[in-house]
Amino acid sequence: MIIGGLAVGMGFGLRDFASNIVGGLTLLVERPVREGDLVTIGEHEGRVAHIGIRSMRVSSWDNMEVLIPNAETFNKPFTNWTHQDGIVRTVIPIKVSRSDDAVMVQQLIQDILATTPEIVTDPPAQVFLKKIDEALLEFEARYFINVQVHTRFEVRSKVLFAIMAQFKAANIKPPIEPLAIEFKEGEGDFTIKKQTTTEN
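Under this note's numbering, the first residue of the sequence shown is numbered 133, with each subsequent residue one higher.
Now the structure itself:
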């Protein structure tokens, strides 16, 4: 049993090793990505620092180096922004109180997106009212940036700080979602759950 388990483990290990070697050779021959390119591989994003025979080293935006097996370049979602125009969409959900003026909120967010220089004008930024709840209004802000020039984290943070400042100036409050308290019959404890209903 032990020998069989070791054999299976070694088999999987050799398979992964071979996949990474093949992936490395493919990267070196076909060159879909080069050192210095801006890439997104699975959940990792950054600039390619080195391409080896078994793995790729990517420098992330927080100045950390991530070692990615070459096989993941082909087995996971992979985008090379350097080989494209680098224009990427960002979506930000924004919730406010149901009592706030929806038109004013939409216009405030739209004005912020229009005056943020890192956001490109083509395609244009958009703000939608996505959901109406008994306690809140949920908007969705969509905008595009050039990730070859700016990072998504940088621009998203700048937009959120601007929204917070404008909402504070306009006295727009975050929603307070109602809670439902459920007592369990015959027991001394209880649970608290968020209670929301959606209007179509």
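Note that the Cβ used here is the ideal one computed from N, Cα and C, for glycine as well.
Can you check whether the CB of residue j is closer than 8 Å to the CB of residue i?
{"i": "T211", "j": "V171", "result": "yes"}
{"i": "S229", "j": "L268", "result": "yes"}
{"i": "E177", "j": "R189", "result": "no"}
{"i": "Y275", "j": "T222", "result": "yes"}
For residue i, which residues in the same chain have their Cβ closer than 7 Å to its Cβ, ignoring the five residues on either side in sequence?
{"i": "I241", "result": "I226, V259, F271, A273 and I295"}
{"i": "E286", "result": "none"}
{"i": "L199", "result": "S187 and R189"}
If you compare alpha carbons, which of the options is closest to residue i?
{"i": "D254", "options": "L269, K262 and D217", "result": "D217"}
{"i": "P201", "options": "V281, V190, R186 and N195", "result": "R186"}
{"i": "V291", "options": "V281, D232, L245 and K305", "result": "L245"}
{"i": "K414", "options": "P307, W193 and N195", "result": "Since the displayed the chain opens at 133 and closes at 332, residue 414 lies outside it and no answer follows."}
{"i": "F299", "options": "I251, I277, T248 and D233", "result": "D233"}
{"i": "A297", "options": "N207, V235, D243 and R166", "result": "D243"}
{"i": "H282", "options": "T248, N207, V165 and R166", "result": "T248"}
Would you mind reading off the limits of the beta strand (DSSP E) that contains residue i?
{"i": "M188", "result": "S187 to S192"}
{"i": "T214", "result": "Counting along the chain, T214 falls outside any beta strand (DSSP E), and DSSP gives it neither H nor E."}
{"i": "G178", "result": "H176 to I183"}
{"i": "R221", "result": "I219 to S229"}
{"i": "L278", "result": "The question names Leu, but residue 278 is Asn in the sequence shown. Where N278 is concerned, the enclosing beta strand (DSSP E) stretches over L268 to N278."}
{"i": "T172", "result": "L170 to I173"}
{"i": "E250", "result": "First-last for E250: undefined, no H or E at that position."}
{"i": "V259", "result": "Q258 to D265"}
{"i": "P201", "result": "E197 to P201"}
Can you name, in chain order, every residue of its own chain whose Cβ lies under 8 Å from the Cβ of residue i, other than the five neighbours on each side?
{"i": "W213", "result": "D169, L170, V171, T172, V220, V279 and Q280"}
{"i": "P209", "result": "T172, I173 and G174"}
{"i": "R288", "result": "T222 and I224"}
{"i": "I277", "result": "I219, V220, T222, E250, I251, V252, R284 and V287"}
{"i": "A302", "result": "M236 and L240"}
{"i": "E167", "result": "V180, A181, H182 and I183"}
{"i": "D194", "result": "none"}
{"i": "A257", "result": "Q242, L245, A246, I251, A273, R274, Y275 and F276"}
Looking at the secondary structure, which residues open and close the alpha helix (DSSP H) in which residue i lies?
{"i": "K290", "result": "R284 to A301"}
{"i": "A234", "result": "A234 to A246"}
{"i": "E204", "result": "E204 to N207"}
How close, in whole Å, do the beta carbons of residue i and residue j come, if the pair is a contact with beta carbons under 8 Å?
{"i": "I304", "j": "V237", "result": "6 Å"}
If I measure Cβ to Cβ from residue i and keep anything under 6 Å in the same chain, skipping five residues before and after, which residues do I get?
{"i": "S191", "result": "G178, R179, A181 and E197"}
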